[in-house]
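Here the structure comes first, spelled out in structure tokens, and everything after it is commentary.
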Amino acid sequence: MIDMMLSDTLLVALAAGGLAALLTSVGALLGILFGLSRVKPERFLDVGLAFSAGVMIVASFTNLLMPAMEAWSAPPAILGLITGVVAMIAVHVMLPHEHTRKEAYEGPYWGRKLHVALLVSFAVVIHNFPEGLVIGAASAYDVKSGLLLGLAIGLQDIPEGIAIILPLYLSTGRAVYSLAVGMLSGLSELVMALLGATLGESSMALLPVLLGFGAGAMIFVSVREVIPESFREGHEDEATLGFFLGFIMMLLLDLTLS
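Each residue of the sequence shown is one higher than the last, beginning at 3 in this note's numbering.
Below, the structure is given as structure tokens:
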């Protein structure tokens with residue numbers, strides 16, 4: 003009987019987590035399409051980076067920090083926040099600034115842009131871990147709750163998928179590689195949903211720290227890397243517009259789904 007209940011729970015978590023992963027991939031595909039429509043790649047890339055920062059900053063507070071503090075308490079969320087910042091400092095130091103690229107994308111300019119794009123991808127993947135756990139835990143509690151939460155988080159993941167893929171594609175010119183990174187980001191959420199369903203309520207003990215960790219990672223990347231890089235080449239006005247576009251889009255989506 004217990005095995006059957008666990009099997010049913012895992013199926014619900016698979017469906018809910020798979021829905022979130024699919025919608026993340028939809029966002030990734032939209033990022034590729036936006037990238038293909040670019041006129042001036044350098045300017046469009048800075049707009050895309052700033053858009054990513056706007057999405058990540060809103061998501062850090064509305065999806066991660068505020069729920070952690072409201073459902074649990076501030077200390078574990080703040081501990082996770084500090085840990086996330088420290089972890090991303092380490093990743094920033096270790097991540098190579100140069101990378102194998104197509105010939106058209108060689109040179110220090112594209113090397114810097116790729117470094118920032120990879121940090122954005124890494125931060126959003128980390129942010130997906132606690133969201134996946136929440137989906138899994140909800141699936142263990144109730145079928146309807148799990149599926150609805152998977153849909154809600156998945157819809158929020160669409161702009162996040164764009165935020166990952168748009169700067170990554172524009173800095174590499176490699177559509178398949180960029181799309182694969184976006185799909186792997188969604189799969190990380192699916193894996194964590196299955197883990198959350200297996201652990202049930204026990205997975206919730208780690209959640210406030212993980213939520214804070216994801217917020218710290220995304221805030222650090224936005225403030226330390228993404229925003230300064232998007233302003234570096236003299237595209238401040240366009241980048242500012244891109245930032246607020248991402249900020250408002252994510253905020254409206256969160257308010258709609260809250």
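Backbone N, C-alpha and C fix where the C-beta goes; we use that ideal spot for every residue, glycine too.
If you're wondering where the values come from, they're calculated on a predicted model, not measured in any experiment.
Classify residue i as helix, strand or coil using the three-state DSSP reduction.
i: Ser27; result: helix
i: Ser224; result: helix
i: Arg176; result: coil
i: Gly236; result: coil
i: Ser190; result: helix
i: Leu208; result: coil
i: Ser62; result: helix
i: Ser75; result: coil
When you compare the CB positions of residue i and residue j, do they come within less than 8 Å of one another, or not?
i: Leu67; j: Ala52; result: no
i: Gly218; j: Gly134; result: no
i: Gly214; j: Leu83; result: yes
i: Met252; j: Pro161; result: yes
i: Leu81; j: Val225; result: no
i: Val57; j: Ala241; result: no
i: Ile155; j: Val183; result: no
i: Ala55; j: Gly248; result: yes
i: Ala70; j: Met220; result: no
i: Met25; j: Asp159; result: Here the sequence assigns Leu to residue 25, which means Met is not the residue at that position. A contact, by the Cβ cut-off of 8 Å.
i: Gly19; j: Leu196; result: yes
To the nearest angstrom, report how far apart residue i and residue j are at their CA atoms.
i: Leu47; j: Leu172; result: 6 Å
i: Ala106; j: His129; result: Unreliable positioning characterises Ala106 in this predicted model, as indicated by a pLDDT of 41, which lies under 50. The coordinate reading is nonetheless provided below. If I take the Cα positions, the gap works out to 32 Å.
i: Gly188; j: Val28; result: 10 Å
i: Asp239; j: Phe246; result: 11 Å
i: Ile59; j: Ala15; result: 28 Å
i: Gly33; j: Val145; result: 32 Å
i: Leu35; j: Ile91; result: 32 Å
i: Gly152; j: Phe222; result: 27 Å
i: Val118; j: Val228; result: 6 Å
i: Leu186; j: Gly216; result: 17 Å
i: Glu231; j: Asn65; result: 25 Å
i: Thr200; j: Gly148; result: 13 Å
i: Val88; j: Tyr179; result: 28 Å
i: Leu181; j: Pro77; result: 37 Å
i: Arg45; j: Ile250; result: 21 Å
Since I believe residue j is in contact with residue i (beta carbons under 8 Å), could you give me their beta-carbon distance rounded to a whole number of angstroms?
i: Leu255; j: Leu157; result: 7 Å
i: Ala30; j: Gly175; result: That belief does not hold up - the Cβ atoms of Ala30 and Gly175 are roughly 16 Å apart, past 8 Å.
i: Ala17; j: Leu192; result: Not quite, the Cβ-Cβ distance comes to about 10 Å (not below 8 Å), so this is no contact.
i: Thr11; j: Ser190; result: Contact doesn't hold; Cβ gap of about 20 Å is too wide.
i: Phe124; j: Val93; result: 6 Å
i: Gly198; j: Val126; result: Contact doesn't hold; Cβ gap of about 19 Å is too wide.
i: Gly138; j: Met194; result: 7 Å
Answer with buried or exposed for residue i, where buried requires no fewer than 16 other C-beta atoms within 10 angstroms of its C-beta.
i: Pro132; result: buried
i: Ser2; result: The structure shown does not extend to residue 2, since the chain is modelled only from 3 to 260, so the question has no answer here.
i: Leu13; result: exposed
i: Leu257; result: exposed
i: Glu72; result: exposed
i: Leu38; result: exposed
Taking 8 Å as the CB-CB cut-off, is residue i touching chain D?
i: Leu186; result: Any reference to chain D falls outside this structure, which holds one protein chain only.
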